[in-house]
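For reference, the structure discussed in these notes is given below.
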Amino acid sequence: MLKIKEYRKKVGMTQQELASKLEMSQNAVSLYERGVNDPSILTLVQIAEQLGITVDELIDYQKIKNKLSEDLDKRVEKRIEESRNKKK
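Position 85, counted from 1, in the sequence shown is what numbering that gives the first Met the number 0 calls 84; the numbers after and before it change by one each time, with no gaps.
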């Protein structure tokens, strides 16, 4: 869900260039971009700084928030339905 690749390309930076600025391997950046590994919070902040964006933009916070809200709504609806079925 991270948007590292999208923003990295917008600023015209290669994986190797970003990796050098972050003092990590190009492979580490690749793993983050592909969602194989998750960066630490500190690394997220450093990536966002290098790309000139906020962490919220990098992690697409609004999308995550909406997904969590949808999941919560579904769980609440399921519990209500289960409760109704028990009363029958």
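A virtual CB, placed ideally from N, CA and C, is assigned to each residue, including glycine.
Where does residue i fall in DSSP's three states?
i: T53; result: coil
i: T13; result: coil
i: E22; result: coil
i: L1; result: coil
Just checking my contact of residue i with residue j at CB under 8 Å: how many whole Å lie between their CB atoms?
i: N28; j: L17; result: Sequence inspection shows Val at residue 28; the Asn mentioned does not correspond to that position. Confirmed, about 5 Å.
i: I3; j: E32; result: 5 Å
Would you tell me roughly how many angstroms separate the C-alpha atoms of residue i and residue j, rounded to the nearest one?
i: V75; j: E69; result: 10 Å
i: I46; j: M12; result: 12 Å
i: I52; j: K9; result: 11 Å
i: Q14; j: K85; result: 55 Å
i: S19; j: D55; result: 23 Å
i: E80; j: K73; result: 11 Å
Can a CB atom of chain D be found closer than 8 Å to the CB of residue i?
i: Q61; result: Structure shown: chain D not included; a single protein chain is present.
In chain order, what residues of the same chain have a beta carbon less than 8 Å from the beta carbon of residue i, not counting five sequence neighbours either side?
i: L90; result: As displayed, the chain neither begins before 0 nor continues past 87, which places residue 90 out of reach and without an answer.
Near residue i, what residues of its chain come up, given a Cβ to Cβ distance below 7 Å and the 5 sequence neighbours on each side ignored?
i: P38; result: Y31, I46
Taking 7 Å as the cut-off, is the beta-carbon of residue i closer than that to any non-hydrogen atom of the ligand GTP?
i: K20; result: Among the components of this structure there are no ligands whatsoever, and the ligand GTP is therefore not found.
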